[in-house]
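Right, one structure below, let's go through it.
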Amino acid sequence: MITRPPLAMMEPSGSRSAKPPAKPNILKTLLTIQQANGHVPIDSVPHIAHSLGVTEADVAGVLSYYPDLRTNAPGRHVVRVCMGESCIANHCDRVLQAVDEYVGHLNCEPGRALRYTVEKTSCMGNCALSPTVSIDDDVHGRVTPGNIATLLEPYR
Amino acid sequence: MTIARLYLSNDTSSKAAGADRLAELLEARPDVQLVRTSSRGAFYLEPMIERDGPNGRLVWPRVTAGDLTSLLEGRGGKPIDEIPYLAQQTRATFSNFGITEPLALDEYQARGGFKGLEAAMALAPESIVQELRISQLRGRGGAAFPVWNKWEAARQADAEEKYIVVNADEGDAGTYCDRMILEGDPFRLIEGVLICAHTIGATKGYIYCRQEYPAAARTVRTAIQKADEAELLEVDGRTFSIEVISGAGSYVCGEETALLESLEGRRGVVRAKPPYPAVSGLFGRPTVVSNVLTFATVPNILARGGAWHASLGTERSRGTIPLQIGGRVKQPGLVEIPFGMTLRQVLEKFGGGMADGATFKAVQVGGPLGSLFPESRLDIPICYDAFSDAGAILGHGGIVVYDDRTEMVALARHFMAFTAEESCGKCTPCRIGSVRAREVLDAILGGRGSQEDLALLADLGDTMKATSLCALGGRAPYPVMTAIEHFSEEFTRRLPG
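Those protein sequences? They're chains H and Y, same order as listed. If you read the first sequence in my numbering, its first letter stands for residue 88, the second for the next number, and so on. If you read the second sequence in my numbering, its first letter stands for residue 398, the second for the next number, and so on.
Written out as structure tokens, the structure reads:
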């Protein structure tokens with residue numbers, strides 16, 4: 088019996104397509120760096136370009152195009168407030184305001200890295216439980232301005 | 398000790414409603430066996446716990462920690478078929494939801510899974526295309542292009558390599574049916590992809606999954622691995638591998654050619670068509686690109702026959718559509734029904750009316766590029782043609798209801814700002830038009846607008862509709878112009894003097 092090797096998935100060079108793409112995949116490379124490092128420092132662009140054999144403009148172009156690629160280190164926790172239409176219909180502007188107020192106060196801890204990075208995001212697909220706020224990988228639904236403090240507090 | 402077998406959904410939205418907190422409490426108990434299933438989609442009832450009853454499952458909705466004692470004693474459960482929201486649906490693609498464990502391959506097979514693939518493997522590729530033609534399945538991602546047509550073009554294309562790309566970049570706000578399939582019934586998607594691979598002779602598959610769906614990507618990756626271990630990823634004697642690729646937050650990458658650019662690692666800039674992807678797609682090879690729901694609809698068509706699918710729905714919109722009802726309604730959630738019910742009926746029957754204290758103002762169908770409907774226009778049937786005749790789109794089946802506290806000028810400004818932000822920049826009408834329209838709406842919102850500005854918006858809108866390269870620019874004016882059409886007083890009120 089011939090045993091087949093397990094599927095190689097997500098490794099940039101592990102793809103089993105009969106003919107691998109000739110050109111390097113810039114987006115995949117940047118996402119891998121961000122996953123390891125938290126962000127892609129802008130001054131690493133020449134190095135990335137050189138190692139991929141593409142121009143700096145190619146790399147900078149991809150880096151600036153995608154909203155999820157960041158060039159600065161985020162805070163210890165990333166808080167995303169959903170701005171999708173279902174959340175807008177459920178008046179998420181008040182939730183965003185409450186998050187900003189709470190975080191603005193806590194982000195002033197002297198001598199420590201930023202505790203929270205707050206971002207507005209487009210639809211997270213949690214529309215039946217609008218308004219939605221995610222903290223790191225946790226998605227929270229039916230959020231009200233009143234429960235923001237309870238929600239954020241455990242993320243230290 | 399009797400052990401109670403309880404079912405609790407593991408869907409992201411169920412977790413967002415508090416399912417994991419209940420799971421923690423239940424897993425600590427020796428008298429409970431907890432099964433984490435997919436969600437039935439009745440999210441207004443989540444977190445919901447089910448138990449086996451004498452005639453099917455019993456349901457405890459909106460469970461809190463305080464309810465667990467009575468639940469474990471078996472008190473207060475309601476038979477699942479007494480919930481009208483669920484009983485009035487026609488579940489085909491979503492028939493397993495709430496019932497099975499998403500990654501239990503044996504459960505999927507026990508409920509008819511891989512029967513469609515089995516049927517397909519016994520057919521010649523031409524006959525599968527013919528079956529799809531009979532089914533009259535149209536692409537469920539938004540453009541509603543006949544699926545058989547795409548598959549036939551790719552099948553006939555002569556190339557050493559052909560690809561299948563699953564568009565899991567479900568970016569339309571108000572929609573989540575693709576996320577639910579990826580998280581809740583991933584083998585159905587894999588089965589649809591394998592049927593397509595056999596039909597067109599594809600050599601490799603990709604699932605382009607948006608970054609906002611980490612649980613979906615994880616689940617479908619595990620499902621692929623399990624299918625591989627079960628030696629199911631074999632098509633015509635070859636191993637057919639499927640790779641999951643992560644997106645990076647760009648809305649326009651849901652457009653098929655921008656998605657292909659992104660898959661190749663570049664900026665997600667739209668390509669001019671033709672050539673269509675079925676002829677020249679990923680890496681210039683013939684590629685079938687369809688969304689998750691479309692592929693997941695295919696297995697039933699092969700298992701039950703194209704005629705079965707064609708027997709549901711309306712004249713030119715056959716089959717069922719999962720609608721995702723959200724916004725300010727009482728009962729938000731996913732509802733799978735045949736095409737044909739009116740928007741008003743859907744909102745009343747399933748939406749359950751407005752959320753407490755809210756008054757209806759408008760409903761938007763089809764995501765951020767969808768038209769707005771006021772109360773007077775709700776009698777439109779849910780089908781592709783009625784919507785296209787009305788200058789609207791069904792899109793991905795998202796329905797968002799706005800209440801009377803929504804300011805239409807601010808909402809219109811939000812729509813245009815979204816397009817300006819997400820435009821890929823390739824074509825001028827979208828790149829410049831969306832920014833200019835946002836500026837004009839900013840002026841009106843700030844009390845600095847004029848009658849001429851409204852005329853300018855209409856003019857810009859006409860240009861964007863007629864000359865944009867893809868649907869982002871082409872559809873962006875619709876929500877804005879329908880807001881002006883149906884709520885003109887809110888706009889003119891803000892004009893000075």
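We put the CB at the ideal spot given by N, CA and C, even for glycine.
Cβ neighbour criterion (16 or more within 10 Å) applied to residue i
| i | result |
| --- | --- |
| S138 of chain H | exposed |
| S524 of chain Y | exposed |
| P696 of chain Y | buried |
| L405 of chain Y | buried |
| G681 of chain Y | exposed |
| I400 of chain Y | exposed |
| E882 of chain Y | exposed |
| S467 of chain Y | exposed |
| C412 of chain Y | The question names Cys, yet the displayed sequence has Lys at residue 412 of chain Y. Flag for K412 of chain Y reads buried. |
| M861 of chain Y | buried |
| R535 of chain Y | buried |
| A880 of chain Y | buried |
| M398 of chain Y | exposed |
| S410 of chain Y | buried |
| R585 of chain Y | buried |
| D408 of chain Y | buried |
Whether residue i touches residue j by CB criterion (7 Å)
| i | j | result |
| --- | --- | --- |
| V127 of chain H | L117 of chain H | yes |
| V806 of chain Y | F736 of chain Y | no |
| A112 of chain H | G662 of chain Y | The displayed chain sequence assigns Asn, not Ala, to residue 112 of chain H. A contact, by the Cβ cut-off of 7 Å. |
| A693 of chain Y | I621 of chain Y | no |
| V732 of chain Y | Q486 of chain Y | yes |
| G568 of chain Y | Y441 of chain Y | no |
| D776 of chain Y | R833 of chain Y | no |
| G571 of chain Y | S173 of chain H | yes |
| A730 of chain Y | G438 of chain Y | It is Gly, not Ala, that sits at residue 730 of chain Y in the sequence shown. Against a cut-off of 7 Å, the Cβ pair of G438 of chain Y and G730 of chain Y comes out as a contact. |
| L156 of chain H | V168 of chain H | no |
| A624 of chain Y | E580 of chain Y | no |
| H164 of chain H | Y203 of chain H | yes |
| R576 of chain Y | Y603 of chain Y | no |
| K475 of chain Y | V667 of chain Y | no |
| R890 of chain Y | L766 of chain Y | no |
| D786 of chain Y | R713 of chain Y | no |
| Y573 of chain Y | L660 of chain Y | no |
| V205 of chain H | V220 of chain H | no |
| A594 of chain Y | V632 of chain Y | yes |
| W545 of chain Y | V563 of chain Y | no |
Residue i: contacting residues in chain H (beta-carbon distance under 7 Å)
| i | result |
| --- | --- |
| K559 of chain Y | Residues of chain H passing the Cβ test: none, with the nearest at roughly 11 Å. |
| H706 of chain Y | By Cβ distance, chain H contributes nothing, its closest Cβ being about 26 Å from H706 of chain Y, past 7 Å. |
Beta-carbon neighbours of residue i, restricted to chain Y and to distances below 7 Å
| i | result |
| --- | --- |
| L118 of chain H | S643 and A645 |
| K115 of chain H | G662 |
Within chain H, partners of residue i - CB distance below 9 Å
| i | result |
| --- | --- |
| V590 of chain Y | Ordered by position in chain H, no residue passes the 9 Å Cβ test against V590 of chain Y, which lies about 14 Å from the chain. |
| P765 of chain Y | G171, E172, S209 and C210 |
| Q761 of chain Y | E172 and A176 |
Chain H residues whose Cβ lies nearer than 8 Å to that of residue i
| i | result |
| --- | --- |
| P729 of chain Y | S173, C214, A215, L216 and S217 |
| G665 of chain Y | Y152 and Y153 |
| F366 of chain Y | No information on residue 366 of chain Y is available, as it lies outside the stretch 398 to 894 that chain Y covers here. |
| G568 of chain Y | S209 and C210 |
Under 8 Å from the C-beta of residue i: neighbouring residues of chain Y
| i | result |
| --- | --- |
| N112 of chain H | E661 and G662 |
| V226 of chain H | T409, S410, K412 and A413 |
| H178 of chain H | R802 |
| R181 of chain H | The premise fails here: R181 of chain H is roughly 11 Å from chain Y at the closest Cβ pair, so nothing lies under 8 Å. |
Residue i Cβ short of 6 Å to the ligand FMN heavy atom set
| i | result |
| --- | --- |
| A700 of chain Y | With respect to the ligand FMN, the structure offers nothing, as it holds no ligand at all. |
Stretch pair the stretch 803-818 of chain Y + the stretch 861-876 of chain Y: three plus CB contacts closer than 8 Å: yes
At least 3 beta-carbon pairs within less than 8 Å: the stretch 502-521 of chain Y vs the stretch 446-454 of chain Y: no
Interface positions of the stretch 137-157 of chain H facing chain Y (Cβ-Cβ less than 7 Å), listed along the chain: G148, V149, Y152, Y153, P154, D155 and L156
Near-chain H residues of the stretch 526-538 of chain Y - C-beta to any C-beta below 8 Å: none
Cβ contact check for the stretch 173-190 of chain H and the stretch 826-833 of chain Y: 3 or more pairs under 8 Å: Under the Cβ criterion (8 Å, minimum of three pairs), the stretch 173-190 of chain H does not count as touching the stretch 826-833 of chain Y.
Contact set between the stretch 790-801 of chain Y and chain H, restricted to residues whose Cβ is under 8 Å from the partner: G795, V797, V798, Y799 and D800
Cβ contact check for the stretch 423-443 of chain Y and the stretch 458-472 of chain Y: 3 or more pairs under 8 Å: yes
Chain-ordered residues of the stretch 575-607 of chain Y with a beta carbon less than 7 Å from chain H: R576, T600 and K601
The stretch 730-758 of chain Y: positions lying closer than 9 Å to chain H by Cβ: Of all residues in the stretch 730-758 of chain Y, G730, L731 and A752 have a Cβ within less than 9 Å of some Cβ in chain H.
Cβ pair count under 8 Å reaching 3, the stretch 652-659 of chain Y against the stretch 683-691 of chain Y: yes
Short-range partners of chain H found in the stretch 490-515 of chain Y, where Cβ spacing is below 8 Å: none
Against chain H: residues of the stretch 712-725 of chain Y by CB proximity under 9 Å: Q721, I722, G723, G724 and R725
The stretch 599-609 of chain Y in contact with the stretch 539-559 of chain Y per 3-pair CB rule at 8 Å: yes
Cβ contact (3+ pairs, closer than 8 Å) linking the stretch 714-727 of chain Y and the stretch 778-796 of chain Y: yes
Given 8 Å, three or more beta-carbon pairs between the stretch 512-528 of chain Y and the stretch 700-707 of chain Y: yes
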